[in-house]
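Chains as they are written, first to last, in the numbering used here: chain S, 1 to 267; chain E, 1001 to 1267. All C-beta atoms, glycine included, are put in the ideal place defined by N, C-alpha and C. No experiment lies behind these values; they were computed from the predicted model shown. Inspection log for the structure reproduced underneath, given as structure tokens.
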Amino acid sequence: MPIISIRDLVVEYDGRRILNGLNLEIDQGETMVLLGGSGSGKSTLLRQIIGLEHPKSGSVNVKGTDITRCSDGQLKHVRRSIGVAFQSAALFNALTVEDNIALPLREHTALAPSIIDLVVWIKLAIVGLADFGKLYPQELSGGMRKRAAVARAMALDPEILVFDEPSAGLDPIVAAELDEVILVLKQAFQMTVIVVTHELASAFRIADRIAMLHEGSFLAVGTKDEIRSSKHPRIRQFLDRAPDETEHVRIMQAHLEKYLRSEEVSR
Amino acid sequence: MTTLLEGAGRRTLKDLDYLGGLSIQWWAAVRALKTTLPFTGNSYRWKESVRQMLQIGVNAAPMVGLMAMCSGFILAMQGASELRRFGALHYVIDLVSIGFSRELGPLLTAIAVSGRSGSAFSAEIGTMKVTEEIDALRVMAFEPIEFVLAPKYLAALVVVPCLSILANVFGMLAGGIFMFFSTHLTLGLYVRDIMNTIQFRDVISGLIKSLAFASIIVQVGCLEGFRVRGGPDAVGRSTTTAVVRSTFLVIVADAVFTAIFYFTGMH
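As structure tokens, this is what we get:
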């Protein structure tokens, strides 16, 4: 039985359709990468999966609960089994890194303070930040902030770990390190991992399956090899990093050629 | 004509939507207040409430005191210039004491707190919105109203009436200093006259107004923050709107309360 099941999901903003009747099943323990270009709807889909927004129609079942129709109490219960590492890390700047990670433990568990301190240290050690717990988020580098966000997302040992653009804004080495952290976490804790990204190298490194989004619809959902060997023109264009042949590009090109010709004539 | 009516209708609906949002948020905040109480509530919320009390109240005390003294002098001098012509200079004491306890104390405090803390609430929550911290709270199964707004609300309900009393004291003190230099009335006799002039209900009506003003400032400031959409420029706009709207609503509420007290015979 899939841990997440999305059925006929339609999302609209101000009458503009963003997600167009999506269907997707994510199995327990698999790493699903939602891949797509800017504006393809992948972050919107992610916000639906974590229950931050309501769809126009359709359902999102997480662990058997339809989070689009459940009560606030049920939604809170489901959310405790989901950890989210946001694109901007979204750490609380008024709290130290330690306190950021301790926050859900203090609020949602009855653990003694000494146990909470130990759990926080373990989570920080897993992401390689054991010595940085006393610092504030603004004192960390971009990569360290993202790793701290992963540590916070893991605080309650969630069954589902969600990453929104983990590589965004990071240099290739730090991005690759974060990919390794994701792989280690998955191996060690057998979590279901959902990653939203447009970074091909990262997607093909960490994914078990890839769902390719374009203009609010899935072009393909399959294993890395299936996506890599796809003949779909849009997928090929995305994988080959080929630009769109749009009208304004042609017009700009014509203007440039005309300008260069006039420069040559004037010389 | 149709366009004019359409515009008026749209504006009315927008204002009603705003007031509806404000009412819903206020009710949620009232329900969340119990979590901020000492002993019975959440200890972290109570600590945050105390921190807010220091920020809203203690740090604002010098400014409120100075504003009240200046206003006290202004009121006493303006009143004296007219009352002297009728040989009724003694009534300056009534003017200052009743004017401050019923009206100026709470109003000056509200204007100071609105400009100082209302804008800060809006900026803080707006920034949390832009940096996805509010989303992070929600996915960690926290209620942003309870976590962010309720401690501020409790703090304001405690410290705004205290600041109003402080403003009353400083305003009346300014009147006493003026009377000493203009009529050589000793401070002891001035205090005795004030105690004879002010009635308990004058102070109570001022404190009731203070509680209403505190509610308006916190709810408007926080609602503007929660409604931020976009980037840092939206945060800047929200702080301006928070101060303008809360000051406007404070004055409207003041008029309504004064009318109620007048017609019910409380004044």
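- For the set E:Ile1098, E:Met1053, E:Leu1005, the Cα lying nearest the Cα of Asn1196 (chain E) is the one of E:Ile1098.
- The Cβ atoms of Ala151 (chain S) and Val127 (chain S) lie closer than 8 Å to each other.
- Rounded to whole angstroms, Leu19 (chain S) and Ala148 (chain S) show a C-alpha spacing of 31 Å.
- Residues of the stretch 98-112 of chain S with a C-beta less than 8 Å from any C-beta of chain E: Leu103, Pro104, Arg106, Glu107, His108, listed in chain order.
- Residue contact check for Lys76 (chain S) against chain E: a CB pair falls below 8 Å.
- Unbroken alpha helix (DSSP H) runs of no fewer than 4 residues, entirely contained in the stretch 1042-1103 of chain E, are found at 1043-1056, 1061-1083, 1091-1098, following chain order.
- Residue burial is scored here from C-beta neighbours: Met1 (chain S) has fewer than 16 other C-beta atoms within 10 angstroms and is therefore classed as exposed.
- By the rule that beta-carbons nearer than 8 Å mark a contact, Ile160 (chain S) does not touch chain E.
- Residues of the stretch 133-151 of chain S with a Cβ closer than 7 Å to any Cβ of chain E: none.
- Under the rule that a run must span 3 or more residues, no beta strand (DSSP E) segment is found entirely inside the stretch 220-261 of chain S.
- Relative to the Cα of Met1053 (chain E), the nearest Cα in the group E:Gly1221, E:Leu1163, E:Leu1207 belongs to E:Leu1163.
- Every beta strand (DSSP E) stretch that sits fully inside the stretch 137-173 of chain S and reaches 3 residues is listed by chain position as 160-164.
- Taking 8 Å as the cut-off, the beta carbon of Ile235 (chain S) is found closer than this to the beta carbon of Met212 (chain S).
- Note on geometry: alpha-carbon atoms of Ile1024 (chain E) and Thr1241 (chain E) lie some 19 Å from one another.
- When DSSP states are grouped into helix, strand and coil, Arg1237 (chain E) belongs to the helix group.
- Residue E:Val1139 holds the alpha-carbon nearest to the alpha-carbon of Ile49 (chain S) among E:Ser1043, E:Val1139, E:Met1063, E:Met1077.
- The three-state secondary structure of Arg80 (chain S), taken from DSSP, is coil.
- Secondary structure of Arg7 (chain S) (DSSP, three-state): strand.
- Against chain S, the CB of Val1050 (chain E) has no partner CB under 8 Å away; the residue lies outside that interface.
- Rounded to the nearest whole angstrom, the C-alpha separation of Ala1068 (chain E) and Leu1107 (chain E) is 10 Å.
- In terms of Cβ geometry, Ile1198 (chain E) and Val1250 (chain E) do not form a close pair [threshold 8 Å].
- Scanning chain E for C-beta atoms nearer than 9 Å to the C-beta of Ile50 (chain S) yields Asp1135, Arg1138, Val1139, reported in chain order.
- Within its own chain, the residues whose Cβ lies closer than 7 Å to the Cβ of Val1235 (chain E), once the five positions on either side in sequence are excluded, are Ala1123, Gly1126, Thr1127, Val1130, Val1228, listed in chain order.
- Contact of Thr1131 (chain E) with chain S by beta-carbon distance below 7 Å involves Ser88, Ala90.
- Rounded to whole angstroms, the gap between the alpha carbons of Thr96 (chain S) and Ile251 (chain S) is 52 Å.
- Pairing Ala110 (chain S) with Pro1062 (chain E), the inter-Cα distance amounts to about 42 Å.
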